[in-house]
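S.K.: First, the structure itself, so that you have it in front of you.
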RNA sequence: GCGCCCGUAGCUCAGUUGGAUAGAGUGUCGGCCUCCGAAGCCGAAGGUCGUGGGUUCAAGUCCCGCCGGGCGCGCCA
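Numbering (our numbering), first residue to last: 395 to 988.
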């Protein structure tokens with residue numbers, strides 16, 4: 395409809411030009427948008443306001459002339475000039491009603507488009523380290539990333555969903571050492587657990603499993619394990635420093651000690667046990683959450699292939715790497731970063747940053763037209779250095795789009811649920827899903843703008859009332875299903891073609907409102923997809939549900955007049971279809987009964 | 001201190017990429033079931049869009065300065 399109006403206006407402008415008006419005026423893109431206020435019609439164009447200055451005439455006057463020159467269209471009932479010079483378009487009832495036919499014809503395809511032209515886009519999201527179960531913060535990234543991917547797919551992009559598994563880094567070694575230490579405890583050794591070790595309960599479970607599989611074959615004395623290590627930094631429960639030391643050196647020393655005492659074979663065994671168990675758990679967790687990936691990309695394969703070293707070499711070749719204090723630095727300040735960054739530590743280990751550059755370079759080389767990363771907002775400082783490195787390597791950093799997602803804060807009984815990663819005391823995604831259900835979790839996570847902090851009200855998410863937007867929307871869907879059941883109980887039958895033939899009977903104002911909301915759906919999907927803003931769709935679905943509930947409350951669907959009944963049934967079915975399509979993109983179920 | 005994000009109704013948030021008289025939900029108050037699901041609907045009240053300038057036909061939206069909040073500023077990830 396928008397493009398139709400733009401075409402009409404364009405015709406009018408060209409007509410005016412051939413008449414000699416608007417001589418020498420360059421025609422801009424023609425603005426057409428939906429009116430916010432019904433009294434301003436359905437669509438409005440501010441073209442006269444935009445052109446007034448260059449055309450050197452009054453906007454109102456210009457609007458009149460454009461309106462007069464508009465070709466007739468059977469979809470337009472009335473054109474008005476209003477305000478400072480807006481051209482308002484009022485659609486015919488027939489143009490409203492046509493959307494019902496369109497929805498019924500297209501079914502699940504309604505709202506989908508080919509806008510993206512099949513361009514390949516990669517969306518990488520969650521990518522949490524496999525050092526423990528996903529927590530509620532990761533959940534938001536999962537719901538958001540999955541929905542962005544769904545939306546892009548819906549508007550015609552070829553989407554590749556990927557999880558980057560950090561299975562090679564230092565953190566994984568710390569996990570392995572943590573499991574080993576818990577295992578030693580399990581076998582009766584006692585010592586102070588390192589402050590930088592992983593303290594979660596799951597580490598003890600992994601240790602118990604190691605014992606179940608291998609008995610005491612991996613035991614050494616605590617004295618041996620901790621002999622001559624750099625002093626750990628110790629705090630009391632309130633976080634006050636008790637004994638000064640170097641946490642990092644201590645834990646690195648422990649990792650090294652584990653390798654030596656266990657031997658390569660046994661060390662590998664623990665490492666793999668931890669990695670595989672946790673990554674399987676994460677995969678199951680996400681699958682249950684309706685989040686499925688095309689590829690789980692292993693950092694280790696990147697390293698084994700030599701891609702990390704090759705990337706460092708390439709940066710060296712372009713002169714952006716230097717050595718200082720025994721470490722290798724990337725000159726990211728040359729690309730707008732605040733300071734240069736280390737790629738290879740003094741001890742020879744490459745950093746997370748180094749493999750991340752290699753990974754992103756690899757993404758580009760795989761030929762995606764666009765690459766999207768979903769990160770926690772606390773990583774925002776990381777963006778300039780990754781983009782900088784890509785630029786240094788001759789790539790266009792604009793092809794990488796980093797979407798930042800703020801934390802979700804849980805509230806229960808009106809109070810903030812405290813969480814701290816350090817003590818291993820956090821709410822897992824799985825716990826959240828079990829508490830509020832997958833549907834509420836998926837919806838709540840994306841109902842706010844991603845860069846906005848999310849207050850996640852657990853009580854609201856669980857409540858089965860109109861306060862809860864998920865139930866409110868699902869209820870509208872279930873209501874239509876219920877009407878269909880009633881239809882049979884009342885001995886009516888449904889005649890869809892008859893309903894289509896009598897859409898003109900849908901003249902009530904509530905029907906008109908509902909029709910307009912339905913017609914907006916494809917525009918909403920498009921905007922939500924292109925702006926990477928799932929909340930727009932969530933917001934819209936609430937509005938649609940409201941339009942339906944209002945209508946339903948005011949008018950009966952199952953009236954005795956066959957033609958009217960069938961027309962209203964078609965309208966209801968169209969509503970159900972759009973709710974279903976929208977919820978499907980959000981990863982939320984559309985129940986037939988509740 | 002520097003960088004990024006955020007300040008809109010009591011609370012939680014939208015605001016169609018700069019459009020006309022700033023909107024929802026919730027909370028408060030008041031109405032609506034002999035009728036397809038009241039898990040619903042309607043109404044009232046509630047605002048200096050943090051603040052001061054600037055840009056233009058038009059600013060909640062763009063630019064600059066303040067005020068307030070969050071995050072980041074490791075040879076951690």
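No residue lacks a Cβ here, since even glycine has one placed at the ideal position from N, Cα and C. These numbers were taken from a predicted model, which means no experiment stands behind them.
Based on DSSP bridge pairs, tell me the residues matched to residue 629.
M.R.: Residue 629 pairs with 635.
S.K.: Among residues of its own chain, excluding the 5 on either side of residue 889, which ones have a beta-carbon nearer than 8 Å to its beta-carbon?
M.R.: Within the same chain, residue 889 has close Cβ partners 956, 960.
S.K.: Which of helix, strand or coil does DSSP assign to residue 702?
M.R.: The answer is helix: DSSP assigns residue 702 an H, G or I state.
S.K.: Please classify residue 735: does DSSP put it in a helix, a strand, or coil?
M.R.: It is a strand residue.
S.K.: Within the continuous beta strand (DSSP E) that includes residue 518, where are the two ends?
M.R.: Looking at the DSSP string, the run of the beta strand (DSSP E) that includes residue 518 is 514-518.
S.K.: Three Cβ pairs or more, each shorter than 8 Å: is that satisfied between the region 818-837 and the region 687-707?
M.R.: No, they do not touch.
S.K.: Once you ignore the five residues that flank residue 859 on each side, which residues in its own chain have a CB closer than 8 Å to its CB?
M.R.: The residues are 865.
S.K.: For a test of your reading of the model: does the CB of residue 505 fall under 6 Å from any non-hydrogen atom of the ligand MN? Yes or no.
M.R.: This structure lacks the ligand MN, and indeed carries no ligand of any kind.
S.K.: What are the boundary residues of the beta strand (DSSP E) that residue 496 is part of?
M.R.: That residue, residue 496, is in no beta strand (DSSP E); its alpha helix (DSSP H) goes 487-500.
S.K.: Which residues bound the beta strand (DSSP E) around residue 677?
M.R.: Element bounds for residue 677: not the beta strand (DSSP E) but the alpha helix (DSSP H), 641-682.
S.K.: Note the first and the last residue of the continuous beta strand (DSSP E) segment covering residue 472.
M.R.: Its beta strand (DSSP E) spans residues 470-476.
S.K.: Run the CB neighbour count on residue 757, radius 10 Å, all protein chains shown included, and call it buried at 16 or more, exposed below.
M.R.: Flag for residue 757 reads buried.
S.K.: If we count the other Cβ atoms within 10 Å of its Cβ and call it buried at 16 or more, is residue 373 buried or exposed?
M.R.: Missing from the structure shown is residue 373; the chain here goes from 395 to 988 and no further.
S.K.: Kindly confirm or deny that the region 966-979 and the region 488-505 touch, where touching means at least three C-beta pairs closer than 8 Å.
M.R.: With the cut-off at 8 Å, the region 966-979 and the region 488-505 touch.
S.K.: Take residue 958 and list the residues in its own chain whose beta-carbon comes closer than 6 Å to its own, dropping the five residues that flank it on each side.
M.R.: So the list reads 899, once near-sequence residues are dropped.
S.K.: What's the C-alpha gap between residue 597 and residue 616?
M.R.: The straight-line gap from Cα to Cα measures roughly 18 Å.
S.K.: What runs of the beta strand (DSSP E), each 3 residues or longer, lie entirely inside the region 563-611?
M.R.: Fully enclosed beta strand (DSSP E) runs of 3 or longer: not present.
S.K.: Going along the chain, which residues of its own chain have a beta-carbon closer than 6 Å to the beta-carbon of residue 734, five neighbours each way excluded?
M.R.: Once the five neighbours on either side are set aside, the close Cβ partners of residue 734 are 723, 725, 726, 727.
S.K.: I'd like the span of the alpha helix (DSSP H) that includes residue 835, first residue to last.
M.R.: That run of the alpha helix (DSSP H) goes 832-840.
S.K.: In the DSSP assignment, find the unbroken alpha helix (DSSP H) run with residue 803 in it and report its ends.
M.R.: Where residue 803 is concerned, there is no enclosing alpha helix (DSSP H), although the beta strand (DSSP E) it sits in stretches over 802-806.
S.K.: If you follow the alpha helix (DSSP H) that residue 721 is in, where does it begin and where does it stop?
M.R.: Residue 721 -> not in any alpha helix (DSSP H); beta strand (DSSP E) instead, spanning 721-724.
S.K.: Residues bridged to residue 906 by DSSP?
M.R.: According to DSSP, residue 906 bridges with nothing at all.
S.K.: Between the Cα of residue 577 and the Cα atoms of 717, 427, 667, which residue gives the shortest distance?
M.R.: Out of 717, 427, 667, 667 has the C-alpha closest to the C-alpha of residue 577.
S.K.: Just to confirm my understanding: we take residue 982, look at its own chain, exclude 5 residues before and 5 after, and list those with CB closer than 7 Å. What are they?
M.R.: Closer than 7 Å at Cβ, skipping near neighbours: 833, 836, 837, 864.
S.K.: From the DSSP secondary-structure annotation, give me the bridge partner or partners of residue 482.
M.R.: Beta-bridge pairing links residue 482 to 438, 474.
S.K.: Taking buried to mean at least 16 other C-beta atoms within 10 Å of its own C-beta, is residue 686 buried or exposed?
M.R.: Exposed is the call here.
S.K.: Say whether the region 507-519 touches the region 542-561, bearing in mind that this needs 3 or more beta-carbon pairs closer than 8 Å, one atom from each stretch.
M.R.: Taking 8 Å as the limit for Cβ pairs, the verdict is that the region 542-561 does touch the region 507-519.
S.K.: For residue 934, count neighbouring Cβ atoms within 10 angstroms of its own Cβ and tell me buried if that reaches 16, exposed if not.
M.R.: Per the 10 Å Cβ criterion, buried.
S.K.: In three-state DSSP terms, what is residue 876?
M.R.: Three-state DSSP puts residue 876 in a helix.
S.K.: Using the beta-carbon count (16 or more within 10 Å), is residue 987 buried or exposed?
M.R.: Residue 987 is exposed by the Cβ-count criterion.
S.K.: Going by DSSP, name the residue or residues bridged to residue 766.
M.R.: 517, 795.
S.K.: Could you check the C-alpha separation between residue 974 and residue 491 for me, to the nearest Å?
M.R.: If I take the Cα positions, the gap works out to 20 Å.
S.K.: State buried or exposed for residue 595, treating a residue as buried only when at least 16 other CB atoms are found within 10 Å of its CB.
M.R.: Classification of residue 595: exposed, given that the 10 Å Cβ count is below 16.
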